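Using the numbering used here, the first residue of the sequence shown is number 6, and each one after it goes up by one. Each residue gets a CB set at the ideal place from its N, CA and C atoms; glycine is no exception. Given the structure is predicted, the values throughout are model-derived calculations rather than measurements. A short worksheet on the structure shown next.
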Amino acid sequence: LKPVELARERTSLLYDRGENWFVLGDYAKAYEIFLEMLEQGQICSWQRSILHAQNWLAYTAIVRKMTDVCEEYLTMSWSIASRVKEKRLVAYFKRTHAYYHAEIGEVSVALRWAEDALDAFERLGMPQDIDTMQNLIQELIDVKK
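This is the structure we're talking about:
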């Protein structure tokens with residue numbers, strides 16, 4: 006394969022590997038894999054892959070209590086992601102925004118993002134993500150009381 010084609014194939018594999026490490030709770034390893042995914046996406050100029058990597062890096066940064074890093078990835082990628090026609094990607098970015106704002110104590114803002122993410126996940130029929138957002142919304146409502 007040509008270097009660009011090879012990089013494109015690698016991004017798909019790295020996405021799965023990073024997600025697996027995340028689910029297993031090894032957030033440092035997941036973060037490392039998503040960084041590599043980002044690099045490979047940039048080599049092949051695959052915007053969708055770059056955006057997925059940036060969202061996962063932001064989401065993983067939240068779990069690792071690296072809010073500055075999360076904010077950096079969200080700032081650099083949300084304006085592009087919000088214009089992309091991939092609804093699942095946009096839903097995941099909304100989820101990441103919700104967790105980011107919850108982490109920095111902006112409960113009302115987090116609640117709005119979580120409700121938007123929930124709506125998107127419901128429209129896409131993503132039950133696991135629906136449950137996660139419903140739980141986050143309830144936690145945020147409880148905090149506001």
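Whole-angstrom distance between residue j and residue i, CA atom to CA atom
i, j, result
"residue 51", "residue 7", "15 Å"
"residue 84", "residue 118", "15 Å"
"residue 146", "residue 14", "42 Å"
"residue 42", "residue 24", "11 Å"
"residue 16", "residue 40", "10 Å"
"residue 128", "residue 120", "12 Å"
"residue 74", "residue 58", "13 Å"
Cβ-based neighbour list, residue i, same chain, cut-off 8 Å, excluding 5 preceding and 5 following
i, result
"residue 5", "Any question about residue 5 goes unanswered here, given that the chain covers just 6 to 150."
"residue 33", "69"
Beta-carbon spacing of residue i, residue j below 8 Å
i, j, result
"residue 167", "residue 140", "Beyond the ends of the chain as shown, which are 6 and 150, falls residue 167; an answer cannot be given."
"residue 123", "residue 109", "no"
Nearest to residue i (by Cα), restricted to the options the options
i, options, result
"residue 107", "57, 36, 76, 136", "76"
"residue 11", "39, 47, 32, 26", "47"
"residue 148", "28, 29, 112, 62", "112"
"residue 103", "18, 67, 74, 91", "67"
"residue 37", "29, 65, 131, 126", "65"
"residue 9", "22, 132, 44", "44"
Opening and closing residue of the alpha helix (DSSP H) in which residue i lies
i, result
"residue 17", "8-28"
"residue 138", "132-149"
"residue 81", "72-86"
"residue 41", "32-48"
Own chain partners of residue i with C-beta closer than 7 Å, once the 5 adjacent residues on each side are dropped
i, result
"residue 56", "82, 85, 86, 89, 94"
"residue 26", "34, 35, 38"
Close-in-space but distant-in-sequence residues of the same chain around residue i (CB under 6 Å, 5 per side omitted)
i, result
"residue 115", "103, 106, 107, 145"
"residue 22", "38"
"residue 62", "39, 78"
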